[in-house]
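Reviewing the structure listed below.
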Amino acid sequence: MKIRTAVIAGLLLAAAIPAMSVHAASTSSSAKSGIDWQKDNNVDAAFARAKAGNKPLFLYWGAGWCPPCNQVKATIFNRQDFIDRSRHFVPVYLDGDTPGAQKLGARFKVRGYPTMILFKPDGTEITRLPGEVDSERYLQVLALAMNTTNSVQDILKSALAGGKNLKAEEWSLLADYSWDDPEQKLVEGKDVASTLLRLSSIAPAGHEATRLYLKALVAIAGIKPGQPVPALDKAVAVDKLQKALADQAVARDNMDLFTNYPADLAELVTAPQTDARSKLITVFNSALLRLADDASLSKTDRLTAVDGLVALARQENPKGALDANLLKDVQKRVAQIDQATTDAYERQSVINAAGHALGNAGLLDESDALLKAELKRSHSPYYFMLSLASNAKKRGDKAAAVNWYEQAYNAAKGPATRLQWGATYVNGLIDLAPQEEARIQKATQNVLTEIGGTENAFYERNRSSLERMGKKLNEWNKDGKHKVALQKVRSQLDGICSKLPSADPQKAACQGVFSEVKT
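First residue of the sequence shown: 3, per our numbering; consecutive thereafter.
This is the structure we're talking about:
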């Protein structure tokens, strides 16, 4: 989900959804009403259990504050058919704030939330499951993955060799693989777009080929300037996009791509202020309105479709006021879904989507009011404080934005979450109040103090957050004006690094915090 990638990630998995009783493995006798999650981070024991029982292992890595994670909880994990299916695999629940979680995250190459991986009983990764399709489709993908004899890695090799012997369900696993996961193992990140494009040309005509092609377009649209871009026939792309959008069933099957990336796709295949752009946007708007009205979709997905309408309007009018009828429609849909959503976990996802739609439409006061009201209701209010900081930045109110970053850090719960929210606060201070040297130094030292008392502080998400903070501090001092303050910070970090054993992989990561951030 694009909303997920646009907002800073952190962790803290919430306890349980009322309809989804979460149990540790030791309480399996009472797990008939819910999922028998093993959540004590003893993953090796879980794999041993899977091997002994000849069952797949389902690994869920998520965060309590994370909107897409709460979406998964509210729409998939609480379904009785998913709960029933969970009897046939070993379910493992990884909370990033528990001891050893970040180290396990590095081991399994999981970073973004939510990440869900299905393993064979012998520990071989079968596939990375999508986290942004609707629940019916998710269960179909899970069923296919559980019944396959080949890993997606093996299926990909066969496909790229011509795919003559591949079954329809194997093409489905490729089409629904979590290709946007930066930690996925199938191909290098730079090759994702070209691989998807090639697969779409090899796959039998139909749903799988269409989905692979659309994913290829999304991947190409996301390529950074200066990086190689696969050759793309834009006239063909426009034609395929319009046909897919006009077909109600196809648009519904690919709603995750169409609701999250409409402006990116239009920008990729058409030029501004052209008839081609205008026609494509017209078709896109019709499809998005149908999706926004589709009661079979989750409330979050419907609001994401609304945000897609805003994104397309904003593409043609980047800074000006949007059409009054569109603004009224956004307000109306947000109000209706806000009122209809009572489950706390679903609200974490719904309010995130609603706040973004309002904010992107320029309705910042309405977005603020919605988010502030949710601070009193949310189980993770510090998440919405970051959205309030973003709104303040859009207004140009730097002081308010910095204060929201600080409040979010102060309110954050869990060691890994606090570390990441703290780094975000430091980065926000440097961007918005670089002259406040004492405040920046104090905030950084507070984060480092917490690092010193955090187990496995230099693994996975923690490490990447600290490296970004280190890079930001280096840039802040590029003219040498903050040399003394930075030296004090470096000295504190050196003291933490010196306490790590020389053989500990964290030592090099600790010493590299002020090096260039890794990509």
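Cβ atoms here follow ideal geometry from the backbone N, Cα and C, with glycine treated the same way.
Top-ranked residue by Cα proximity to residue i, from the options
i	options	result
L431	A418, T419 and A445	A445
G107	Q186, M387 and Y384	Q186
G497	E376, D86, D83 and Q447	Q447
A425	D399, A510, E376 and R470	R470
V404	K378, A435 and A323	A435
K159	P184, T197, R130 and D481	T197
D331	A195, L146, D303 and L360	L360
L201	A218, E190 and G472	A218
H358	T344, F386 and S380	F386
K415	D303, E452 and A47	E452
R51	G125, D193, F79 and G114	G125
S493	V515, G364 and E318	V515
P417	A54, I225, Q104 and K334	Q104
S300	A223, K400, I128 and T343	T343
Nearest-angstrom beta carbon gap, residue j and residue i [assumed within contact, 8 Å]
i	j	result
L234	L176	Contact doesn't hold; Cβ gap of about 20 Å is too wide.
P93	F49	That pair is no contact at about 13 Å.
G66	S382	5 Å
P116	W63	7 Å
P232	A195	5 Å
L290	A307	5 Å
L216	A246	7 Å
S500	A76	Rounded, the Cβ-Cβ distance is 46 Å, inconsistent with contact.
Y263	V220	5 Å
R130	D83	Not quite, the Cβ-Cβ distance comes to about 21 Å (not below 8 Å), so this is no contact.
F91	P58	4 Å
Q155	Y95	The Cβ separation is near 25 Å, so there is no contact.
Nonlocal neighbours in the same chain, by C-beta distance under 6 Å from residue i, ignoring five residues either side
i	result
A487	E439 and Q443
G165	I204
S88	I37
P132	D178 and S180
A511	F460 and R465
V135	D258
P230	none
K395	A403
DSSP-derived helix/strand/coil call for residue i
i	result
E438	coil
E134	coil
I453	helix
T100	coil
Y95	strand
I353	helix
Y62	strand
T212	helix
T197	helix
G55	helix
F49	helix
F523	The chain is shown from 3 up to 521; residue 523 falls before or after that span and cannot be answered.
L502	coil
F516	coil
L120	strand
I128	strand
S28	Note that S28 has pLDDT 31, beneath the 50 cutoff, so the model's placement of it is unreliable and the number below is only indicative. Helix, per DSSP.
G36	strand
K169	coil
V336	helix
H358	helix
S392	helix
G482	coil
K192	helix
Nonlocal neighbours in the same chain, by C-beta distance under 7 Å from residue i, ignoring five residues either side
i	result
Q250	R292
N479	K485 and L488
L243	L267, V271 and L282
A356	L305, V336, I339, D340 and L372
I157	L168, E172, L175 and L176
D370	L390 and N393
L502	Q508, K509 and C512
N429	R470, M471 and K474
L366	N393, K396 and R397
D295	none
Residues near residue i in its chain [Cβ-Cβ closer than 8 Å; skip 5 each side]
i	result
R81	S137 and L141
E210	A170, W173, S174, L176 and A177
L450	V491, Q494, L495 and I498
D325	A315
L328	L311, V312, A315 and A363
R379	A346 and R349
Chain D within 9 Å of residue i, Cβ atoms only
i	result
R420	No chain D appears in the structure shown, which is made up of a single protein chain.
- Message: Taking contact to mean 3 or more Cβ pairs, one atom from each stretch, closer than 8 Å, check whether the region 96-115 and the region 143-156 are in contact.
- Response: Cβ pair count under 8 Å is below three, so no.
- Could you tell me whether the region 444-458 touches the region 410-421, where touching means 3 or more Cβ pairs closer than 8 Å? Between the region 444-458 and the region 410-421, the count of C-beta pairs closer than 8 Å reaches three or more; the two stretches touch.
- Query: Can you find at least 3 beta carbon pairs, one from the region 407-414 and one from the region 386-399, that sit closer than 8 Å?
  - Reply: The region 386-399 and the region 407-414 touch, with three or more beta-carbon pairs separated by less than 8 Å.
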